[in-house]
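Residue numbers (our numbering), protein chains in the order written: chain A, 14 to 117; chain B, 14 to 117.
A short worksheet on the structure shown next.
Protein chains: 2
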Amino acid sequence: MNPQFHKGVIEMCVLSLVSARDRYGYELVEAISTELPISEGTIYPILRRLTQEGYFETYLQESNEGPPRKYYRMTRKGRSFTDSTAKEWTQFAKSVDRLLNQKN
Amino acid sequence: MNPQFHKGVIEMCVLSLVSARDRYGYELVEAISTELPISEGTIYPILRRLTQEGYFETYLQESNEGPPRKYYRMTRKGRSFTDSTAKEWTQFAKSVDRLLNQKN
DNA sequence: AGGCAGTACCGTGCAATGCAAGGTACTGTG
DNA sequence: CACAGTACCTTGCATTGCACGGTACTGCCT
Numbered sequence: 014m015n016p017q018f019h020k021g022v023i024e025m026c027v028l029s030l031v032s033a034r035d036r037y038g039y040e041l042v043e044a045i046s047t048e049l050p051i052s053e054g055t056i057y058p059i060l061r062r063l064t065q066e067g068y069f070e071t072y073l074q075e076s077n078e079g080p081p082r083k084y085y086r087m088t089r090k091g092r093s094f095t096d097s098t099a100k101e102w103t104q105f106a107k108s109v110d111r112l113l114n115q116k117n
Numbered sequence: 014m015n016p017q018f019h020k021g022v023i024e025m026c027v028l029s030l031v032s033a034r035d036r037y038g039y040e041l042v043e044a045i046s047t048e049l050p051i052s053e054g055t056i057y058p059i060l061r062r063l064t065q066e067g068y069f070e071t072y073l074q075e076s077n078e079g080p081p082r083k084y085y086r087m088t089r090k091g092r093s094f095t096d097s098t099a100k101e102w103t104q105f106a107k108s109v110d111r112l113l114n115q116k117n
């Protein structure tokens, strides 16, 4: 898989998954890994950045399977950002398809 | 448009367009610009790199509308690379769609 | 004649981001 | 008590798009 394709898209996937329900980092790594090859070193910096930018709020919750989990909850600002990013992606994918199918 | 989405994809569009028929740089900028906002500073380095990697061959052709055009012709190696890149893209886009529509 | 818009090429340096690699620490099981 | 699994985190590198700047040729308008 061309790793460059991932640029910007993994952030969008994180946004989308957190918008569906609260998530913790390790969980996101596992969820995205089912579809795309990624590592923890990718996710944690994204979570930190999106939190700093006001798209996420965090809270800790103890777990009986290891250390406490840091959950990410989407803010209203985050929700609107997620929506516009997803729309941009859809538009972008359509544009690329048109270019790939252009036969002259 | 999130500029990060472009990473790797513009290269693929260049490959696809040259695979349909020989193209020169400025022409590619115009063709891709109809769908995605890009600049010449993006295309020329890509063309240089793909040529160095053996995916393109070049030849000059005079024009009556300005300076001579440098045409890019796809090699066999380039054709196989284009095919696998396009397949990867299709697969990738499907994976992203699945992640975006994952509602729990 | 001179200037300008359009065509066409090229290079440099910055910003963004994914990832490899490494580290810490908690829990339950063999 | 070691180890696998869970869970967090940081640093530095590589890639790549793009802003910006530069060169040069053609034809048109004044």
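Backbone N, C-alpha and C define an ideal beta-carbon position, used for all residues, glycine too.
Assigned exposure category for residue i - 16 Cβ within 10 Å defines buried
i            : result
residue 85/B : buried
residue 95/B : buried
residue 14/A : exposed
residue 53/A : exposed
residue 43/B : exposed
Residues sharing a beta bridge with residue i, DSSP
i             : result
residue 112/A : Its beta-bridge partners do not exist; DSSP assigns none.
residue 83/A  : 73/A
residue 37/B  : 84/B
Proximity to residue i [Cα-Cα], best of the options
i             : options                      : result
residue 75/B  : 37/B, 52/B and 92/B          : 37/B
residue 70/A  : 77/A, 58/A, 82/A and 87/A    : 87/A
residue 106/B : 41/A, 63/A and 49/A          : 49/A
residue 80/A  : 100/A, 39/A and 43/A         : 39/A
residue 111/B : 17/A, 29/A, 21/A and 16/A    : 29/A
residue 66/A  : 18/A, 55/A, 53/A and 89/A    : 89/A
residue 117/A : 21/B, 51/B, 31/B and 100/B   : 31/B
residue 68/A  : 20/A, 27/A, 17/A and 113/A   : 27/A
residue 19/A  : 33/A, 41/A and 51/A          : 51/A
residue 60/A  : 41/A, 77/A and 78/A          : 41/A
residue 35/B  : 91/B, 109/B, 113/B and 108/B : 91/B
Within chain B, partners of residue i - CB distance below 7 Å
i            : result
residue 14/A : 101 and 105
residue 45/A : 112
Beta-carbon neighbours of residue i, restricted to chain A and to distances below 9 Å
i            : result
residue 53/B : Residues of chain A passing the Cβ test: none, with the nearest at roughly 17 Å.
residue 98/B : 15
residue 21/B : 15, 16, 17, 18, 19 and 20
Contact list for residue i against chain A, beta-carbon separation under 7 Å
i             : result
residue 34/B  : 117
residue 108/B : 48 and 49
Contact list for residue i against chain A, beta-carbon separation under 8 Å
i             : result
residue 111/B : 48
residue 29/B  : 112, 113 and 115
Listed by chain order, chain B residues near residue i by CB distance under 8 Å
i            : result
residue 42/A : Going along chain B, no residue has its Cβ under 8 Å from residue 42/A, so there is no contact; the nearest lies around 13 Å.
8 Å CB neighbourhood of residue i in its chain, flanking five on each side removed
i            : result
residue 72/A : 83, 84 and 86
Cβ-based neighbour list, residue i, same chain, cut-off 6 Å, excluding 5 preceding and 5 following
i             : result
residue 104/B : none
residue 115/A : none
residue 63/B  : 69
Residues of its chain near residue i, where Cβ-Cβ distance is below 7 Å and the 5 sequence neighbours each way are ignored
i            : result
residue 46/B : none
residue 25/B : 98, 99 and 102
residue 21/B : none
residue 55/B : 23
residue 57/A : 38
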